[in-house]
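What follows is a single structure, written as C-alpha cells, with notes after it.
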Amino acid sequence: MKKKPNAIILAGGKSTRFGSDKAFYIPSNETKTWVELLVAKLIPVSSLIYISIRHEQLQKMHTLFSENKKVCLVTDLNEVADYGPLGGLYSLSRHLNDESCLIVPVDVPHIQTADLKRLCRNNNVYVETAKHKHYLIAHLPSFQTEISSCIQHHEHRVTSLLEKLHTTPLFFENEDTFTNQNTKIPPNA
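Quick note on numbering: the sequence shown equals residues 1 to 189 in full-length UniProt numbering.
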C-alpha cells in the first residue's frame, strides 16, 4: 500500500478582510473551528498534519490539538514572517523529510475529503477550476531546495516555488469546493 503523504494547513494568515482569525472561526451550523474541520478531513488521507501558524496562535492551537498525535504545530520563523504562505511553507520545510505533502489553506471550508484523495493520487499538482488557479491547494513533492532558493532570492510568491518544481494544474469541476472564504458564512448557508 502506498504511504499517505503528510499534509500542511496554512493557518498563519492575518485574516484582515475576514475580521477575525479564520482558523478559529466557528460557523453557526458547526461546533468546531475551521482548522478542526480541516484536520478531520485530512486525517483519512495523510500520515501527519502540520499546521503553519503565527506565534500568537500557538497557545490556542495547542489547546485544540495537544491530544492529537497526528498534528504538529509549526510557527513561522522570524526571518520570513512577512513572506505570507511562502514563509509558512519555508518554516515547515525544516521539519519535513524527503516526502510529498498536501497543502491546503485553512479558509477553504467546503473542500471535501474526496477532493483531497484525488490530490493524493496525483503528485506535483495544484488545483485549477474553470475560473481560478488555486495555487495554495496542492500536492507537492519534496521542496526544501526549491523553497530555500525562493527565500535566498527574496521571492514572496508561492507561484515562484511552483515554477521551480514544474508543478502542473489538476482540473476540478466544482468551483465552490475550493472557494477561498473571505467573509463569515451566514446562518443556514
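Beta carbons: idealized from backbone N, C-alpha and C, even for Gly.
Since the model is a prediction, treat every value here as computed from it, not as a measurement.
Whose CA, out of the options, lies closest to the CA of residue i?
| i | options | result |
| --- | --- | --- |
| Ser47 | Ser66, Asn29, Cys72 and Gln59 | Cys72 |
| Leu59 | Phe24, Leu77 and Leu86 | One point to set straight first is that residue 59 is Gln, not Leu, in the sequence displayed. Out of Phe24, Leu77 and Leu86, Phe24 has the C-alpha closest to the C-alpha of Gln59. |
| His55 | Val127, Gly88 and Leu38 | Gly88 |
| His139 | Glu128, His132 and Ser148 | Glu128 |
| Asn123 | Phe143, Thr113 and Glu173 | Phe143 |
| Leu170 | Val74, Ile51, Asp82 and Arg121 | Arg121 |
Mind checking which residues open and close the beta strand (DSSP E) that includes residue i?
| i | result |
| --- | --- |
| His62 | Not the beta strand (DSSP E): His62 falls in the alpha helix (DSSP H), residues Leu58 to Phe65. |
| Leu170 | Thr168 to Phe171 |
Report yes if the C-beta distance between residue i and residue j is below 8 Å; otherwise report no.
| i | j | result |
| --- | --- | --- |
| Leu119 | Leu102 | yes |
| Leu110 | Thr63 | This sequence places His at residue 110; Leu is not what is there. No, they are not a contact pair. |
| Val35 | Val106 | yes |
| Gln57 | Ala7 | no |
| Ile151 | Val45 | no |
| Glu99 | Pro5 | yes |
Which two residues bound the contiguous alpha helix (DSSP H) that contains residue i?
| i | result |
| --- | --- |
| Leu161 | Val158 to Leu165 |
| Ile151 | Gln144 to Gln152 |
| Pro85 | Pro85 to Ser93 |
Per DSSP, which residues does residue i bridge with? Please list them.
| i | result |
| --- | --- |
| Phe18 | Answer by DSSP bridge pairing: none, since Phe18 is not bridged. |
| Lys133 | Glu128 |
| Ser52 | Leu10 and Val74 |
| Val104 | Ile9 |
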